[in-house]
Amino acid sequence: MDGSGALWLFGGYGYPASGGDNELNDLWKYDPATTNWTWMKGSTNTSQNGTYGTQGMPAAGNTPGARYGAVSWTDGSGALWLFGGIGYPASGSWGYLNDLWKYDPATTNWTWEAGASSTNQNGTYGTQGVPATTNTPGARYREVAWTDGSGALWLFGGYGRPASGGLGFLNDLWKYDNFGGGISLATNALVFSATYQGANPPAQMIGMTNVGGKGFTYTNVITYSTGASGWLTVLPAAGTVALNGATVLTNQVNIAGLNAGTYYATNQVTADATNSPQTVVVTLSVNAPNQPPSAPTGVSAGDGTYTNKVRVTWNASSGATSYEVWRWTSDSSYAASKISSPDPTGTSYDDMSVTAGATYYYWVKAVNAAGASGFSASDSGFLGVVGPLITANGLVGEVDINSGDPVTIAVQMMNIESFISVEVDWWVVASANLSDWYYLNGALQWQEALFSGDFAVFHPVYQGLLVNLASTPVLNGFILPPGTYDFWFAVDYPLDGILNLNGPILYDQVTVFVQ
């Protein structure tokens, strides 16, 4: 219903002027005062493709394609809005849509506002709570929509496409603000590095874009953490951003009077915009002259991510010009060897010299002309496998555990895309000191077995299709008495409930020494 009390109807699944039933794209207006219907736009036939024109530009020839299951609403100015559904795009056959349309009763013109002119598009989500011109809900139908008191449009759920993958039921909530101003900042973190009593570092810029439907004004307020203040200047300190406009905030640092150390400031951008205020965190590291950088933080090694390498990543250290990567087979840096050659200048390194079934520990040192830092904290990693993977406390191969420490055994199935949907038996079997045997039954309970060499005493934990399996604990935080424990995770073919060691079988083993 529009502001004058008229009722509007668009498309759906039904009958045209003649012929059989299918999707429609006709737009009708009903006037309760005269009790008359008026055909306003669209075709008298079914299965019509849309005429999109130029996005954001109204035109007499623009028309959404035929569809059903779309949502519609009216805004405060009396314009009619339409989103998604199942129907016809600019060309080709029908599918799921994510196009957003606006109809102006005053001009009788449609405008393609957002979304794609093709079908079956995944959503582009961006950062939650932050508007951006590239954000777009995925194609869907039977969603729910409404408008709030400020005129913003809201959309929830439906059946369609998420950020990646296939179709399904959705519970994402979207806001489309075509009326108020909105801030989009190009970055939310700035890092400066300088040397004590040296030159000021070069200025850094932040792009600020208006992603709303009107211009806005803004101001900058800078606050400092404990320590010296006054070292940051953001220009301009205030200004305006026009509709569809953008500006640049210039961040300048003056290190005069600052001792060596790390300083923090927060620049808050306050505007008469829908998503105001927003903050930018600024970090300044003033290094003592001829001083090695600090050890890197955030060292992380891949746990089976790749089948041909272990990727090691870390956070950048201020003042570092390169990094050394060190490795050993236990968590003891004193015995580690440097494996990087040449040393990377970025914040990642691929270790190509690893062996399947072994766990490796990695450390990273930051380097500059004054020397190298100490070792970073360590992180373990291991090579990915094709098929079953079983780990103890996240480690592969042979794992040492102190008596009294909890043990978590987890299984995972990886990199089996070419074997997906083969019907197999799944097995999880364990032994304690090679005398007591157990298997995980279909109820996910450990069952003791009197094993004398006859594999028939074991039963599969599951029988069915071979699929990728995320890391799943099968023994969670359990205290094992001192001793040696072996765990196997396997799948074999065919699906027959018999552990076929001589047939097609994939398996992995982890041994736990509790001492």
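Counted from 1, the sequence shown has number 166 at position 154 by the working numbering; the numbering is strictly sequential. Even for Gly, the Cβ is constructed at its ideal location relative to N, Cα and C.
If you drop the 5 nearest sequence neighbours on each side, which residues of the same chain put their C-beta closer than 8 Å to that of A347?
Here residue 347 is taken as the residue at index 335 of the sequence shown, counted from 1. These residues qualify, in order along the chain: W340.
Helix, strand or coil at V408 according to DSSP, with G and I counted as helix
Locating residue 408 in the sequence shown gives position 396, counting from the first residue. Shown here, V408 sits in coil according to DSSP, grouped into three states, outside any helix or strand.
Exposure label - T220; buried when at least 16 CB within 10 Å:
The residue labelled residue 220 in the question sits at position 208 within the sequence shown. Contrary to the premise, residue 220 reads as Met rather than Thr in this sequence. Burial call: buried.
What residues match up with I413 in a beta bridge as DSSP calls it?
In the sequence shown, residue 413 corresponds to position 401, counting from 1. Beta-bridge pairing links I413 to V526.
Between the C-alpha atoms of V203 and N299, what's the straight-line distance to the nearest angstrom?
Taking the sequence shown and counting its residues from 1, one reaches residue 203 at position 191. Taking the sequence shown and counting its residues from 1, one reaches residue 299 at position 287. Here the C-alpha atom of V203 lies approximately 13 Å from the C-alpha atom of N299.
Taking the runs of the beta strand (DSSP E) that are 3 residues or longer, which of them lie wholly in the stretch 432 to 483?
Runs found: 435 to 444, 448 to 452, 458 to 461 and 474 to 477.
Cβ-based neighbour list, P400, same chain, cut-off 8 Å, excluding 5 preceding and 5 following
Residue mapping note: residue 400 aligns to position 388 of the sequence shown, counting from 1. Non-local C-beta neighbours of P400 in its own chain, meaning closer than 8 Å and more than five positions away in sequence, comprise V423, Q424, M425, F501, A502, V503, L518, Y519 and D520, ordered along the chain.
Run through DSSP, which three-state label would G188 get?
The residue labelled residue 188 in the question sits at position 176 within the sequence shown. Residue identity differs from the one stated: residue 188 is Tyr in this sequence, not Gly. Of the three classes helix, strand and coil, the one that applies to Y188 here is strand, per DSSP.
Per-residue DSSP class, three states only, for S103
Position 91 of the sequence shown, counted from the first residue, corresponds to residue 103. In this structure, S103 counts as coil in the three-state DSSP scheme.
Using the three-state DSSP reduction, which class does S345 fall into: helix, strand or coil?
What you label residue 345 is simply residue 333 of the sequence shown in a count that begins at 1. Helix, per DSSP.
Is it right to say L446 is buried, meaning 16 or more other beta carbons lie within 10 angstroms of its own, or is it exposed?
For the purposes of this step, residue 446 is taken as residue 434 along the sequence shown, with counting starting at 1. Answer is exposed; the Cβ neighbour count stays below 16.
For S334, the three-state DSSP class (helix, strand or coil):
Translated into positions along the sequence shown, residue 334 becomes position 322. In the structure shown, S334 sits in a strand (DSSP, three-state: E or B).
Counting pairs of beta carbons, one from the stretch 322 to 333 and one from the stretch 261 to 271, are three or more of them closer than 8 Å?
Segments in contact, no.
Does the distance from the C-beta atom of V419 to that of L492 stay below 8 Å?
As a first step, residue 419 must be located in the sequence shown, where it is residue number 407. As a first step, residue 492 must be located in the sequence shown, where it is residue number 480. It is a contact, given that the beta carbons lie within the stated cut-off.
Any idea if G90 is buried or exposed, counting beta-carbon neighbours within 10 angstroms, 16 or more meaning buried?
Counting from one through the sequence shown, the residue named residue 90 turns up at place 78. Under this definition G90 is an exposed residue.
For the pair the stretch 165 to 177 and the stretch 93 to 100, tell me if three or more CB-CB distances fall below 8 Å.
The stretch 165 to 177, when compared against the stretch 93 to 100, does touch it at the 8 Å Cβ threshold.
Contact check, A250 vs N232 under 8 Å by CB: the rounded distance?
Here residue 250 refers to the residue found at position 238 of the sequence shown. Here residue 232 refers to the residue found at position 220 of the sequence shown. Correct: roughly 7 Å between the Cβ atoms.
Pick out whichever of N263, Q303 and S483 has its Cα sitting closest to the Cα of T317.
Your numbering for residue 317 matches position 305 in the sequence shown. Across the set N263, Q303 and S483, the C-alpha of S483 shows the shortest separation from the C-alpha of T317.
Shortest alpha-carbon distance to S353 belongs to which of T146, M364, S16 and F525?
On the sequence shown, residue 353 is found 341 positions in, with the first residue counted as 1. M364 is the residue among T146, M364, S16 and F525 whose C-alpha sits nearest the C-alpha of S353.
Given a cut-off of 8 Å on the beta-carbon distance, is the pair R79 and N132 in contact?
Numbered from 1 along the sequence shown, position 67 holds the residue referred to as residue 79. Numbered from 1 along the sequence shown, position 120 holds the residue referred to as residue 132. The answer is no: Cβ separation not under 8 Å.
Per DSSP, N48 is paired with what?
As a working note, residue 48 is residue 36 in the sequence shown. DSSP lists D43 as partners of N48.
Entirely within the stretch 345 to 385 and at least 3 residues each: give me those beta strand (DSSP E) ranges in chain order.
As far as the stretch 345 to 385 is concerned, its whole beta strand (DSSP E) runs of at least 3 residues are 360 to 363 and 371 to 380.
Do A144 and V260 have their beta-carbon atoms positioned less than 8 Å apart in this structure?
For the purposes of this step, residue 260 is identified with residue 248 of the sequence shown, where counting begins at 1. For the purposes of this step, residue 144 is identified with residue 132 of the sequence shown, where counting begins at 1. Taking 8 Å as the Cβ cut-off, V260 and A144 do not qualify as a contacting pair.
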